[in-house]
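Q:
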Amino acid sequence: MNRMNKYRSAMDKVEPPKELTEKTIHLMEAQKKPAPQPRRHGFRPVYGFAAAAACLFFLLAVPALLDSGSGHIFITELEAGTHTSPVELTDGFLLFEEPSGVFVSPGVHVGKRGVKEEWEIARYEEYIGRVVSLPYRPDGFSLKEESATVYLDEDGKVVRDHYQARYRDPDDGELTVSISSGVLPEGSDYDVPDNSFIRGEPLYAGYDPADGRYHVQFMRERIGYLLEARGISQEEFIMIVWHFFE
Amino acid sequence: MTAEETVRRYGSMVYRIALSQTKNKEDAEDVFQEAFLSLIRSNPSLESEEHRKAWLIRVTLNCCKKHFRFMKKVTVPLTEDIPCEFTPEEEDVYGAVLSLPQKYKTVIHLFYYEDLPVKEIGEILDIKESAVKTRLFRARQMLQPKLREMFEQDE
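Going down the list, the protein sequences come from chains X and W.
Just so you know, we're using the working numbering here: the first sequence kicks off at 1 and counts up by one.
Just so you know, we're using the working numbering here: the second sequence kicks off at 247 and counts up by one.
Given below as structure tokens:
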């Protein structure tokens, strides 16, 4: 099998893209950081590549102090006018990635359907054991519609559920919250690994420049969440997301 | 070892395994990131560099398996997606290995590229040494006619 030397020489030429290496180091450094002191505002120490990257970001950064109501989120790397730069929170890191452009059929997660039923919100909340209302609602936003749909099997057992709420503000800002128990809600991007974290919990964050849409998806205590927003600032969206992890 | 040192030291290994498994640059990049972030999240106690290497290989292969469930059904020529220059012979052999079924190309890669002994491959894959030898034997059998044909065409 001397020809396997050709496999070796071919493989020797394969290297990970530099930007992938740097991004991964950055994410690892960010996840490794110790939890900050509560309510401590200011720049926290960062290490290695993260420090170098942070210096670059700080040159253009517009630090923003956001009032969270129950504390503060100091965003150290929020660049004015951009959407996909890494964002550091007091206890988290968000990387709003642009979509890869590859569509993956949601069929892989939809699973068995069954008989459709619309439930009262209170009944649905009792079923999933969570309150579904927004933990933080931006100024001007009001609930326009919400629904809780479940699918039952032949024995009347819920095989799938989906809650969705749409909020709007007078300036056409829109926020959609989707929830499902046990899986990420339909509409999630099932093909992406988590790229961010808040309070030690992983999530995926994305920004689609085609329609100016932010979105995050995550599993928390066996509940899947998908939050999507258009027409609001990145800061405001981060505030909404952050409060789901309180 | 810092996160940066770990990625710089093992990045190529992880990426090559991921690419050989997924045959797709984008998926390999996802697996690459997942594998290294798992190291940070799990923070395993690794006694030596050999352990760290074995741990990363195992996690990379697991990430690939996990990824297969949601992987895009995209068929591209095996080397079209690879941003490097192969010689025609390298391209043939590389393509032949990557066209093997998953379990065979895994042992071929670990044995011929990572230079891991059969015993260690068995430990990483959690299979007996005899099973590793069987897979290597079958993989070689599958490769031989393909490679012979390729090289005969060149002659």
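Cβ coordinates follow ideal geometry from the N, Cα and C atoms, glycine included.
Write down the C-beta distance between Asp171 of chain X and Gly231 of chain X rounded to the nearest angstrom, noting that I regard them as a contact closer than 8 Å.
A: With a Cβ gap of about 7 Å, Asp171 of chain X and Gly231 of chain X count as contacting.
Q: Ordered along the chain, which non-local residues of its own chain (more than five positions away) have a Cβ less than 8 Å from that of Val364 of chain W?
A: For Val364 of chain W, where only same-chain residues beyond five positions count, the Cβ hits under 8 Å are Phe357, Glu375, Val378, Lys379 and Leu382.
Q: Between the beta-carbon of Ala148 of chain X and the beta-carbon of Tyr124 of chain X, is there less than 8 Å?
A: Their beta carbons are under 8 Å apart, which means Ala148 of chain X touches Tyr124 of chain X by this criterion.
Q: Output needed for Lys349 of chain W: all residues of its chain with C-beta closer than 7 Å, excluding positions within five of it in sequence on either side, in chain order.
A: These residues qualify, in order along the chain: Arg381.
Q: Do you know offhand how far Val158 of chain X's Cα is from Gly257 of chain W's?
A: Using only the alpha carbons, I get a separation of about 44 Å.
Q: Spell out whether any CB of chain X is found under 8 Å from the CB atom of Val378 of chain W.
A: No, no contact with chain X.
Q: Using 8 Å as the cut-off, can you tell me whether the region 180-190 of chain X makes contact with the region 216-225 of chain X, which would need three or more C-beta pairs spanning the two stretches below that distance?
A: These segments touch.
Q: Is it true that the CB of Ile223 of chain X sits closer than 8 Å to the CB of Leu89 of chain X?
A: Going by C-beta atoms, Leu89 of chain X is not nearer than 8 Å to Ile223 of chain X.
Q: Should Arg262 of chain W be flagged as near chain X, meaning a C-beta pair shorter than 8 Å?
A: It does: the Cβ of Arg262 of chain W has a partner Cβ on chain X nearer than 8 Å.
Q: Would you mind working out which of X:Arg130, X:Val115 and X:Pro16 sits nearest Asp153 of chain X, comparing C-alpha positions?
A: Selected option, being the one with the closest Cα: X:Val115.
Q: Let me know the beta strand (DSSP E) ranges lying completely inside the region 167-215 of chain X, each 3 residues or longer, listed in chain order.
A: Whole beta strand (DSSP E) segments, 3+ residues: 174-181, 196-198 and 201-208.
Q: Compare the C-beta of Thr90 of chain X with all C-beta atoms of chain W and state if any pair is closer than 8 Å.
A: No, Thr90 of chain X lies away from the interface with chain W (no Cβ there is under 8 Å from its Cβ).
Q: Looking at chain W, is there any beta carbon in it that lies within less than 8 Å of the beta carbon of Tyr7 of chain X?
A: By this cut-off, Tyr7 of chain X is an interface position.
Q: At the level of alpha carbons, what is the spacing between Glu251 of chain W and Arg160 of chain X?
A: If you take the alpha carbons of Glu251 of chain W and Arg160 of chain X, they lie about 45 Å apart.
Q: What's the C-alpha gap between His162 of chain X and Ile367 of chain W?
A: Roughly 44 Å between the two C-alpha positions.
Q: Would you decide whether Arg262 of chain W is buried or exposed? Buried here means 16 or more other CB atoms lie within 10 Å of its CB.
A: So Arg262 of chain W counts as buried.
Q: For Met4 of chain X, which residues in the same chain have their Cβ closer than 6 Å to its Cβ, ignoring the five residues on either side in sequence?
A: Within the same chain, Met4 of chain X has no close Cβ partners at all.
Q: Inspect the beta-carbon positions of Cys309 of chain W and Val277 of chain W and report whether they are closer than 8 Å.
A: Yes, Cβ-Cβ distance for Cys309 of chain W and Val277 of chain W is below 8 Å.
Q: Could you work out which residue in W:Leu371, W:Val339 and W:Asp361 is closest to Lys392 of chain W when comparing CA atoms only?
A: Here the closest residue by C-alpha is W:Val339.
Q: Taking the straight line between their C-alpha atoms, what separation do you get for Phe43 of chain X and Thr176 of chain X?
A: Only weak support exists for where Phe43 of chain X lies, its pLDDT of 30 falling under 50; the value from the coordinates is given anyway. Cα-Cα distance, rounded: 32 Å.
Q: Name the residues in the region 280-293 of chain W whose C-beta lies less than 8 Å from a C-beta of chain X; which are they?
A: The region 280-293 of chain W vs chain X, Cβ under 8 Å: Glu280, Phe282, Leu283, Leu285, Ile286 and Arg287.
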